[in-house]
Amino acid sequence: MEIVFLGTACMAPTKERNLTGILINYKNENILIDCGEGTQRQMRLANISPTKITKILITHLHGDHIFGLPGLFQTLASSNYSKILEIFGPRGIKDYVNSIIKKYLYKSKILINIKEISPGIFYRSKDFILKASMLNHSIPCLGYSLIENDKRKINLNYMKKFGLTRHPLLGNLQKGKDIIFKGKKIKVENATFLKKGKKITIILDTEFTNNAISLSKNSDILVSEATFSDELKDKAKETKHLTAKQAAQIAKKADVKRLLLTHFSQRYKDTKKLEQEAKKIFKNTQITKDLQIISF
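Everything in the sequence shown is counted per this note's numbering, starting at 6 for the first residue and increasing by one.
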């Protein structure tokens, strides 16, 4: 599983930082969270083809999170994108995407499935689920979690007692079924164990809210906006954003393992101050940079 930070700025790009875009690569999925202006160029710099994208999750309809979509759609159309592009987002995303298609794609079309979602689980596959929660911003805004399904693994040390380490019957154990081998019953509870799936949570553009804590609970990685330092907490409250300190408080209350900060105001060319403020609350905090790849 990889997280690629395509842009870590908020509101306006800087020389060092592009607008928001985060790509999660998991098996055959490439899930793009938000698509700020310049996102597809950042993908080129990261040697990632836009045609690899399988899903787009939009947090909200502010320009710095969606103005890269028209150009991205044009690129996909001209590249003969053959998949069905799934787009999820809050109320209004369907009208916005359809207006782009109508105005800019003309005869060159791509297949797009747009869903306006409500809080809760909105997508399931054999490998993972996607879950959304409403945050508290100036317009409707969603936070997202990707939660990998738990996997049932074979307890090989136990199975060696039966001389059974390779056999089609092992597939039944992994499905949670007891088996009979050479007249002996082998119970799932003894022969297997559950490996906990990983969880990534993305929180962008919100003031401090209990929904952010609930969504982030027990995440392996929490990616959170940290638009302001603590000295501008009143500005953060006014604009419904988080300070680095508040992001760390969410991470601590949610018992996450690792906090990655992003979405920085252009006033912070040096983000060490934000990192220091967060680390006082939550030690395992890291500032992110454009084109940085986090693997885990």
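Beta carbons: idealized from backbone N, C-alpha and C, even for Gly. Values in this document were obtained by computation on a predicted structure and should not be read as measured data.
From residue i to residue j, what distance separates their C-alpha atoms?
i, j, result
"Leu151", "Phe133", "7 Å"
"Asn23", "Phe269", "10 Å"
"Met164", "Ala196", "6 Å"
"Gly76", "Gln179", "45 Å"
"Leu62", "Gln281", "30 Å"
"Ile89", "Asp155", "27 Å"
"Gln45", "Ala252", "28 Å"
"Asp260", "Thr290", "13 Å"
"Ser130", "Lys32", "12 Å"
"Ser221", "Asn30", "19 Å"
"Ala17", "Leu266", "17 Å"
"Met48", "Asn177", "42 Å"
"Glu42", "Leu199", "42 Å"
"Ile205", "Glu91", "19 Å"
"Pro124", "Arg96", "12 Å"
"Ala14", "Leu279", "14 Å"
"Asp225", "Gly202", "9 Å"
"Glu121", "Lys238", "32 Å"
"Tyr128", "Gln271", "35 Å"
"Ser84", "Lys107", "18 Å"
"Lys99", "Leu66", "11 Å"
"Pro55", "Asp295", "17 Å"
"Val228", "Thr19", "21 Å"
Residue i lies in the beta strand (DSSP E); which residues open and close that run?
i, result
"Tyr128", "125-129"
"Tyr149", "147-153"
"Asn303", "Here the chain comprises residues numbered 6 to 301, so residue 303 is not present and cannot be evaluated."
"Lys187", "Segment: none, Lys187 is in no beta strand (DSSP E) and carries neither H nor E."
"Asn118", "117-121"
"Met6", "It is not in any beta strand (DSSP E) - Met6 carries neither H nor E in the DSSP assignment."
"Thr290", "290-292"
"Leu140", "Note, Leu140: premise wrong, no beta strand (DSSP E); not H, not E."
"Ile298", "297-300"
Within the continuous alpha helix (DSSP H) that includes residue i, where are the two ends?
i, result
"Thr244", "238-244"
"Met164", "161-164"
"Gln179", "174-179"
"Ala14", "Careful: Ala14 lies outside any alpha helix (DSSP H) and carries neither H nor E."
Please check if any C-beta of chain C sits within less than 7 Å of the C-beta of residue i.
i, result
"Ile8", "Going by chain labels, chain C is absent from the structure shown, which holds only one protein chain."
Could you name the residues of the same chain whose beta carbon sits closer than 6 Å to that of residue i, not counting the 5 residues immediately before and after it, in chain order?
i, result
"Lys189", "none"
"Ile8", "Ile29, Ile299"
"Lys136", "Ile126, Ser150"
"Gln297", "Phe10"
Give me, in chain order, the residues of the same chain whose beta-carbon lies closer than 7 Å to that of residue i; leave out the 5 immediate sequence neighbours on both sides.
i, result
"Ala217", "Leu140, Gly148, Ile208, Thr211, Ile255"
"Lys192", "Asp183"
"Phe186", "Phe167, Leu169, Leu174"
"Lys257", "Ile286, Phe287"
"Ile105", "Leu74, Pro75, Phe78"
"Asp69", "Cys15, Met16, Leu24, Thr25, Gly41"
Suppose the cutoff is 8 Å on Cβ atoms and the five residues either side in sequence are ignored; what does the same chain contact list for residue i look like?
i, result
"Leu110", "Phe78, Gln79, Ala82"
"Leu161", "Thr170"
"Leu59", "Inspection of the sequence shows that residue 59 is occupied by Thr rather than by Leu. Asn33, Glu34, Asn35, Ile36, Lys88, Leu90, Glu91."
Could you check whether the segment 104-121 touches the segment 141-157, counting it as contact only if at least three pairs of C-beta atoms, one from each stretch, sit closer than 8 Å? No: the two stretches stay apart, fewer than three of their Cβ pairs being nearer than 8 Å.
Under 8 Å, with one C-beta from each stretch per pair, do the segment 197-216 and the segment 236-247 reach the 3-pair mark? yes
Return the chain-ordered ranges of every beta strand (DSSP E) run that is complete within the segment 17-103 and spans a minimum of 3 residues.
26-31, 34-38, 60-62, 90-94, all fully within the segment 17-103.
- Complete alpha helix (DSSP H) runs within the segment 203-280 (minimum length 4 residues, chain order): The alpha helix (DSSP H) runs lying completely inside the segment 203-280 and spanning 4 residues or more are 215-221, 238-244, 249-258, given in chain order.
Mind the definition here: the segment 229-237 touches the segment 34-53 only if three or more C-beta pairs lie below 8 Å; say whether that holds.
The segment 229-237, when compared against the segment 34-53, does not touch it at the 8 Å Cβ threshold.
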